[in-house]
Amino acid sequence: MAATLKNFLNALDCRQIFYHEPHKPHELVLRKRTLVRFFLIFLFLTLTGCEQTQPSRSEFALGTVCTITLYEQGDKTVYNNIFSRIREIENLMSVNIPSSDISRINAAAGIEPVQVQKETFNVIERALYFARLSGGAFDPTIGPIVSLWNINGDNPQVPSREKIDASLPLVNWRNIELDAEKRGVYLTRRGMTLDLGAIAKGYAADEAAVIIKNAGISRALIDLGGNILIIGEKPDKKPWSVGIQNPLDNRGSVIGVLHTAEKTIVTSGVYERFFKENDRRYHHLFDPSQGYPAQTGLLSVTLVTGVSMDADALSTAIFVLGYAKGLSLLKTLPDTEAIFVFEDKSVRTTSGINFTLTDDSFRLQP
Ligand code: ADP
Ligand code: MG
15 MAATLKNFLN
25 ALDCRQIFYH
35 EPHKPHELVL
45 RKRTLVRFFL
55 IFLFLTLTGC
65 EQTQPSRSEF
75 ALGTVCTITL
85 YEQGDKTVYN
95 NIFSRIREIE
105 NLMSVNIPSS
115 DISRINAAAG
125 IEPVQVQKET
135 FNVIERALYF
145 ARLSGGAFDP
155 TIGPIVSLWN
165 INGDNPQVPS
175 REKIDASLPL
185 VNWRNIELDA
195 EKRGVYLTRR
205 GMTLDLGAIA
215 KGYAADEAAV
225 IIKNAGISRA
235 LIDLGGNILI
245 IGEKPDKKPW
255 SVGIQNPLDN
265 RGSVIGVLHT
275 AEKTIVTSGV
285 YERFFKENDR
295 RYHHLFDPSQ
305 GYPAQTGLLS
315 VTLVTGVSMD
325 ADALSTAIFV
335 LGYAKGLSLL
345 KTLPDTEAIF
355 VFEDKSVRTT
365 SGINFTLTDD
375 SFRLQP
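According to the working numbering, the sequence shown holds residues 15 to 380 in order.
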């Protein structure tokens, strides 16, 4: 049994490891869970004996465990630079840090525009691009709904219909006004709040990749809480293998393996953050038109493409759109592939995906 597990893990170069961490205020819970996860990662790395045994570093940032593995010339300075950069982005874009650009924009909603750093401005512009592209399925003004469900807090609960109805008018990406010259961002209604939770990790992964490439490192893995970005080729030139998380099990089991070249692999799924009430599961991917967790028959959507920020936004957008509309959108985008896992345990992929199912309780559909 142990040998089978070891053989199986050996076959994977990396696998998506997902966490549902509460945010910083709940430090006790967080430390316990983080420790357990660090231990699990350590155990995994020890077990695999494959390339992941190369030095890697994990730190808690952006509300999740971030792991960087540099396969060559990975000295301490490069790791330090990457993690400082990730924290820099967190300090600009987190809704949980009062001095962040995003918190300042939110505090000034309905009052005045706020001048932000160029990169915050750029990420908001990109978020708006995906809001438009997805017909509002992705909406960075989802903040009031996220707060209402308290999905990242200690006591998440199903809000009353009245409360949802009162918050819904505040969710509308068209009510963000941008002034490119002044780098000004204005939310036109009081009570509106921006939330870049579905795009910022992708941006941070892209920025980590810039540092790694500038340092002349040709092979690396970036894993920001399951947002994977692969840099370079394997020495044997074979495809990388990435395990795709079983969305019905949050303990790191996989349903199959994606074989891929140097790409970013980003999943949005029902297991990342959720709670149960009256036997029903409520997850953290909201339908902005309803104010409820999106119910489209999907358990997860994995995007495989070149830019991690785009993959991050698209995985959320397509999860909310559902399979049919999501697929139509995907067809308009070059070099963008996806894996869909459905509630009935069927799995579908777009034509450019090379995926091997390993859990036979799921079914791969043509
Ligand atoms: P994760 O961050 O768990 O990896 P996602 O990238 O899909 O998963 O982002 C989910 C987060 O994005 C939620 O926690 C919430 O903050 C925010 N969010 C939820 N629904 C939407 C939506 N429809 N559009 C934009 N952001 C959303
Ligand atoms: Mg996302």
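No residue lacks a Cβ here, since even glycine has one placed at the ideal position from N, Cα and C. As the structure is a prediction and not an experimental result, all values here were calculated from the model.
Does the beta-carbon of residue i, which I'm using as the reference point, lie nearer than 7 Å to any heavy atom of the ligand ADP?
{"i": "P261", "result": "no"}
{"i": "K215", "result": "yes"}
{"i": "D326", "result": "yes"}
{"i": "P154", "result": "yes"}
{"i": "V334", "result": "yes"}
{"i": "L192", "result": "no"}
{"i": "A180", "result": "no"}
{"i": "I236", "result": "no"}
{"i": "D115", "result": "no"}
{"i": "I367", "result": "no"}
{"i": "D209", "result": "yes"}
{"i": "P173", "result": "no"}
{"i": "P253", "result": "no"}
{"i": "P88", "result": "Per the sequence presented here, residue 88 reads as Gly, with Pro not at that position. G88 Cβ: outside cutoff for every heavy atom of the ligand ADP."}
{"i": "V160", "result": "yes"}
{"i": "A151", "result": "yes"}
{"i": "E139", "result": "no"}
{"i": "R287", "result": "yes"}
{"i": "P170", "result": "no"}
{"i": "L347", "result": "no"}
{"i": "E127", "result": "According to the sequence displayed, residue 127 carries Pro and not Glu. P127 Cβ: outside cutoff for every heavy atom of the ligand ADP."}
{"i": "H298", "result": "yes"}
{"i": "I165", "result": "yes"}
{"i": "P112", "result": "no"}
Just confirm the distance between the C-beta atoms of residue i and residue j, as a whole number of angstroms; I'd bet it's less than 8 Å.
{"i": "I213", "j": "M323", "result": "6 Å"}
{"i": "G124", "j": "R203", "result": "5 Å"}
{"i": "F144", "j": "A327", "result": "4 Å"}
{"i": "Q9", "j": "E291", "result": "A query on residue 9 cannot be resolved here, the shown segment of the chain reaching from 15 to 380 and no further."}
{"i": "A222", "j": "I111", "result": "At roughly 19 Å, the Cβ-Cβ gap does not stay under 8 Å, so A222 and I111 are not in contact."}
{"i": "T370", "j": "V268", "result": "T370 to V268, Cβ: 10 Å. No contact."}
{"i": "K219", "j": "T278", "result": "Before going on, a small fix: residue 219 reads as Ala here, not Lys. At roughly 7 Å, the Cβ-Cβ gap stays under 8 Å, so A219 and T278 are in contact."}
{"i": "P127", "j": "Y200", "result": "4 Å"}
{"i": "F354", "j": "V315", "result": "6 Å"}
{"i": "L210", "j": "V137", "result": "6 Å"}
Over what stretch of residues does the beta strand (DSSP E) that includes residue i continue unbroken?
{"i": "R294", "result": "294-297"}
{"i": "W254", "result": "254-259"}
{"i": "S72", "result": "70-75"}
{"i": "L347", "result": "No beta strand (DSSP E) holds L347; DSSP gives it neither H nor E."}
{"i": "K227", "result": "Note, K227: premise wrong, no beta strand (DSSP E); alpha helix (DSSP H) at 214-228."}
{"i": "F354", "result": "351-356"}
{"i": "L313", "result": "312-319"}
{"i": "D237", "result": "234-238"}
{"i": "E291", "result": "288-291"}
{"i": "I279", "result": "278-283"}
{"i": "L262", "result": "Per DSSP, L262 belongs to no beta strand (DSSP E) and is neither H nor E."}
{"i": "S303", "result": "No beta strand (DSSP E) holds S303; DSSP gives it neither H nor E."}
Straight-line CA distance for residue i to residue j?
{"i": "G320", "j": "N169", "result": "37 Å"}
{"i": "A180", "j": "L162", "result": "11 Å"}
{"i": "K359", "j": "F376", "result": "5 Å"}
{"i": "L344", "j": "A141", "result": "17 Å"}
{"i": "R146", "j": "A331", "result": "11 Å"}
{"i": "L84", "j": "G246", "result": "11 Å"}
{"i": "V160", "j": "A151", "result": "15 Å"}
{"i": "G266", "j": "E191", "result": "41 Å"}
{"i": "S117", "j": "L208", "result": "8 Å"}
{"i": "G149", "j": "G167", "result": "29 Å"}
{"i": "D311", "j": "K339", "result": "The question names Asp, but residue 311 in the sequence shown is Gly. Going from the Cα of G311 to the Cα of K339 covers about 13 Å."}
{"i": "L262", "j": "L313", "result": "8 Å"}
{"i": "N186", "j": "G205", "result": "12 Å"}
{"i": "E388", "j": "L182", "result": "The structure shown does not extend to residue 388, since the chain spans only 15 to 380, so no value can be given for it."}
{"i": "E73", "j": "A229", "result": "20 Å"}
{"i": "Q87", "j": "N189", "result": "47 Å"}
{"i": "S342", "j": "T281", "result": "18 Å"}
{"i": "S70", "j": "G239", "result": "14 Å"}
{"i": "I165", "j": "V256", "result": "28 Å"}
{"i": "Q129", "j": "R294", "result": "42 Å"}
{"i": "R51", "j": "A75", "result": "Bear in mind that a pLDDT of 48 at R51, under 50, signals an unreliable position, so the model cannot answer this."}
{"i": "P380", "j": "A275", "result": "22 Å"}
{"i": "V92", "j": "N241", "result": "20 Å"}
{"i": "R197", "j": "S113", "result": "17 Å"}
{"i": "A194", "j": "I178", "result": "33 Å"}
When you measure from the CB of residue i to every non-hydrogen atom of the ligand MG, does any distance come out below 7 Å?
{"i": "T330", "result": "yes"}
{"i": "S282", "result": "yes"}
{"i": "A212", "result": "yes"}
Over the uninterrupted alpha helix (DSSP H) stretch that includes residue i, give me the two end residues.
{"i": "S322", "result": "322-335"}
{"i": "V137", "result": "132-147"}
For residue i and chain B, any beta-carbon pair shorter than 8 Å?
{"i": "A122", "result": "In summary, chain B is missing from the structure at hand, where a single protein chain is found."}
Fully enclosed by the segment 154-211, which beta strand (DSSP E) runs are 3 residues long or longer? 190-193, 198-201
Considering only residues of the segment 91-128, which uninterrupted alpha helix (DSSP H) runs meet the minimum length of 4 residues and lie entirely inside it, listed in chain order? 115-121
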